[in-house]
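Colleague: Residue numbers (this note's numbering): 99 to 438.
All C-beta atoms, glycine included, are put in the ideal place defined by N, C-alpha and C.
Note that the structure is predicted; figures quoted are calculated from it, not measured.
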């Protein structure tokens, strides 16, 4: 274990990805089992996500799924990465997290994001459009008000008076917004590591202490995959990278395919570039390679926490990677039960 890693928390985000031939309900049941394993391996928190009408992602109701994950565990923190606030009324969001915190006190996180539905059809079905993201500051303030004291005579019981940590996902001007509201920042290298570091620097420079946070707290979200070789790790990451490229060229995020099928499939030069770009900032390889890359990431970003969101077609390989990461980072000092 390298010097920089013991001071950093490690957590898991599971997007409930669907493999070809797998049903959406089966993928959700795997998420709940994954939460139990993450707790067994010593991870700090386990988060689920929100996607609508996406063939390759099963998680559409994050607070419901978080409740199932919390019911299946006893210690690990459970939360959302995140609930997309433009899709929901702030009162309902506060009520839902109030219920979760009431049932699982001291274990619930409220991760909030600004994204809207993936397509015009999904946005219409949700009853929202892109303009609903424009008043995000007011929506966010409303959620926080409902936890503090209510708003305009309306009370979001049982949330009012409860303390549920709120996190903000850094989309758009998310870094500056998290700083203004005094919230922890969740950020990923979507546009490259350099841009991510710039966003973190802006967040720390502009952070203002509020009732929701007294100091900056940075959660860096990214892919981390450990395998027996660099080549095997790259191969395991290929299904997710291909799905990302497919979504950018065809407007639909597909189910995960076996890597050997992708390797033999024809791709345009543009698609190959997109696949390579998707894998550019992902941490992968042997234990030694991953440890070195993680230490560089922590040193460069000053991250307080790493939120791992790794997807691959091979479920057993993904679970084994998380188990190996837990041992590498000291979360699981003794040999843990091998994932099946």
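Who are residue 207's beta bridge partners in DSSP?
Modeller: On the chain shown, residue 207 is found 109 positions in, with the first residue counted as 1. Paired residue(s): 177.
Colleague: Helix, strand or coil for residue 255 per DSSP?
Modeller: Taking the chain shown and counting its residues from 1, one reaches residue 255 at position 157. Coil, per DSSP.
Colleague: So which of 360, 408, 319 has the shortest CA-CA distance to residue 396?
Modeller: For this step, residue 396 is matched to residue 298 along the chain shown. Selected option, being the one with the closest Cα: 319.
Colleague: Along the chain, which unbroken stretches of the beta strand (DSSP E) at least 3 residues long are found entirely within the segment 360-425?
Modeller: Within the segment 360-425, the complete beta strand (DSSP E) runs of at least 3 residues are 381-383, 403-406.
Colleague: Would you identify the three-state DSSP class for residue 236, choosing helix, strand or coil?
Modeller: The residue given as residue 236 occupies position 138 in the chain shown. The answer is helix: DSSP assigns residue 236 an H, G or I state.
Colleague: Take residue 174 and list the residues in its own chain whose beta-carbon comes closer than 8 Å to its own, dropping the five residues that flank it on each side.
Modeller: As a first step, residue 174 is located in the chain shown; it is residue number 76 there, counting from the start. The residues are 133, 136, 137, 141, 142, 143, 144, 205.
Colleague: Name the one or two DSSP bridge partners that residue 311 has.
Modeller: Your numbering for residue 311 matches position 213 in the chain shown. Looking at the DSSP assignment, residue 311 forms a beta bridge with 308.
Colleague: Based on the DSSP secondary-structure assignment, which residues constitute the bridge partners of residue 265?
Modeller: Locating residue 265 in the chain shown gives position 167, where the first residue counts as 1. Partner(s): 209.
Colleague: Nearest-angstrom Cα distance between residue 428 and residue 285?
Modeller: Against the chain shown, residue 428 aligns to sequence position 330. Against the chain shown, residue 285 aligns to sequence position 187. Distance between the alpha carbons of residue 428 and residue 285: 24 Å.
Colleague: Rounded to a whole number of angstroms, what is the C-alpha to C-alpha distance between residue 233 and residue 178?
Modeller: For the purposes of this step, residue 233 is taken as residue 135 along the chain shown, with counting starting at 1. For the purposes of this step, residue 178 is taken as residue 80 along the chain shown, with counting starting at 1. Answer to the nearest angstrom: the Cα atoms are 21 Å apart.
Colleague: Quick one: Cα of residue 195 to Cα of residue 317, how far?
Modeller: Along the chain shown, one-based indexing puts residue 195 at 97. Along the chain shown, one-based indexing puts residue 317 at 219. If I take the Cα positions, the gap works out to 21 Å.
Colleague: Does the distance from the CB of residue 277 to the CB of residue 304 come in under 8 Å?
Modeller: In the chain shown, counting from the first residue as 1, residue 277 sits at position 179. In the chain shown, counting from the first residue as 1, residue 304 sits at position 206. Cβ distance < 8 Å, so residue 277 and residue 304 count as in contact.
Colleague: With a threshold of 6 Å on Cβ separation, who are the neighbours of residue 118 within its own chain once the five nearest residues in sequence on each side are excluded?
Modeller: Stepping through the chain shown from its first residue, residue 118 is reached at position 20. Result list for residue 118: 353, 355, in chain order.
Colleague: Name the one or two DSSP bridge partners that residue 190 has.
Modeller: Counting from 1 along the chain shown, the entry for residue 190 is found at position 92. In the DSSP output, where bridge partners are listed per residue, residue 190 has none listed.
Colleague: Alpha carbon to alpha carbon, how far is residue 109 from residue 402? Give it in angstroms, no decimals.
Modeller: Locating residue 402 in the chain shown gives position 304, counting from the first residue. Locating residue 109 in the chain shown gives position 11, counting from the first residue. Rounded to the nearest angstrom, the two C-alpha atoms are 11 Å apart.
Colleague: Can you give the Cα-Cα distance for residue 193 and residue 148, rounded to whole angstroms?
Modeller: Translated into positions along the chain shown, residue 193 becomes position 95. Translated into positions along the chain shown, residue 148 becomes position 50. Straight-line Cα distance between these residues: approximately 17 Å.
Colleague: Roughly how many whole angstroms lie between the Cα atoms of residue 376 and residue 341?
Modeller: Numbered from its first residue, the chain shown carries residue 376 at position 278. Numbered from its first residue, the chain shown carries residue 341 at position 243. In a straight line, the C-alpha of residue 376 is about 10 Å away from that of residue 341.
Colleague: Thinking C-alpha only, which one of 273, 425, 217, 183 is nearest residue 299?
Modeller: Here residue 299 is taken as the residue at index 201 of the chain shown, counted from 1. Of the candidates 273, 425, 217, 183, the one whose C-alpha sits nearest the C-alpha of residue 299 is 273.
Colleague: Enumerated in chain order, which unbroken segments of the beta strand (DSSP E) with a length of 3 residues or greater are wholly contained in the segment 275-344?
Modeller: Entirely contained in the segment 275-344, the beta strand (DSSP E) runs reaching 3 residues are, in chain order, 283-286, 316-320, 322-324.
Colleague: When the Cα of residue 358 is compared with those of 254, 412, 176, which residue comes out closest?
Modeller: On the chain shown, position 260 is the one that residue 358 refers to. For the residues 254, 412, 176, the minimum Cα distance to residue 358 belongs to 412.
Colleague: Drop a sphere of 10 angstroms on the beta-carbon of residue 419, count the other beta-carbons inside from all chains shown, and report buried for 16 or more, exposed for fewer.
Modeller: Translated into positions along the chain shown, residue 419 becomes position 321. So residue 419 counts as buried.
Colleague: Under 7 Å Cβ to Cβ from residue 310, same chain only, skipping five residues before and after it: list those, please.
Modeller: Start at 1 with the first residue of the chain shown, and residue 310 comes out as number 212. 242, 264, 279, 280, 281.
Colleague: In terms of residues, what are the limits of the alpha helix (DSSP H) holding residue 111?
Modeller: By one-based count along the chain shown, residue 111 stands at place 13. No alpha helix (DSSP H) holds residue 111; the beta strand (DSSP E) holding it covers 107-112.
Colleague: Please report the Cβ distance between residue 404 and residue 391, rounded to the nearest whole angstrom; I am assuming they are in contact, meaning their Cβ atoms lie under 8 Å.
Modeller: Start at 1 with the first residue of the chain shown, and residue 404 comes out as number 306. Start at 1 with the first residue of the chain shown, and residue 391 comes out as number 293. At roughly 11 Å, the Cβ-Cβ gap does not stay under 8 Å, so residue 404 and residue 391 are not in contact.
Colleague: Mapping the DSSP letters down to three states, classify residue 220 as helix, strand or coil.
Modeller: Sequence index remark: in the chain shown, residue 220 carries index 122 (1-based). Three-state result, residue 220: helix.
Colleague: Taking only three categories from DSSP, how would you classify residue 103?
Modeller: Within the chain shown, the letter at position 5 stands for residue 103. Coil at residue 103, not helix or strand.
Colleague: Output the distance between the C-alpha atoms of residue 415 and residue 289, rounded to the nearest integer angstrom.
Modeller: Indexing the chain shown from 1 puts residue 415 at position 317. Indexing the chain shown from 1 puts residue 289 at position 191. Cα to Cα, residue 415 sits roughly 27 Å from residue 289.
Colleague: Spatial neighbours of residue 183 within its chain, please: C-beta separation below 8 Å, excluding the five flanking residues on both sides.
Modeller: By one-based count along the chain shown, residue 183 stands at place 85. The answer, listed in chain order, is 191, 210, 211, 212, 234, 237, 238, 241.
Colleague: Please tell me whether residue 157 and residue 126 are closer than 8 Å, where the distance is taken between their beta carbons.
Modeller: The residue labelled residue 157 in the question sits at position 59 within the chain shown. The residue labelled residue 126 in the question sits at position 28 within the chain shown. For residue 157 and residue 126, yes; Cβs fall inside 8 Å.
Colleague: Could you spell out where the beta strand (DSSP E) holding residue 351 opens and where it closes?
Modeller: Your numbering for residue 351 matches position 253 in the chain shown. That residue, residue 351, is in no beta strand (DSSP E); it is neither H nor E in DSSP.
Colleague: Is the Cβ of residue 104 closer than 8 Å to any Cβ of chain D?
Modeller: Of the chains in the structure shown, none is chain D; there is only one protein chain.
Colleague: What is the DSSP secondary structure of residue 130, counted as helix, strand or coil?
Modeller: As a position in the chain shown, residue 130 is number 32, starting the count at 1. Of the three classes helix, strand and coil, the one that applies to residue 130 here is helix, per DSSP.
Colleague: What does a CB cutoff of less than 6 Å around residue 267 pick up in its chain, not counting 5 residues either side in sequence?
Modeller: Residue numbering aside, residue 267 sits at position 169 when the chain shown is read from its first letter. Correct list, in chain order: 180, 211, 284.
Colleague: So what does DSSP say about residue 146, is it helix, strand or coil?
Modeller: Your numbering for residue 146 matches position 48 in the chain shown. Reduced to three states, the DSSP call for residue 146 is strand.
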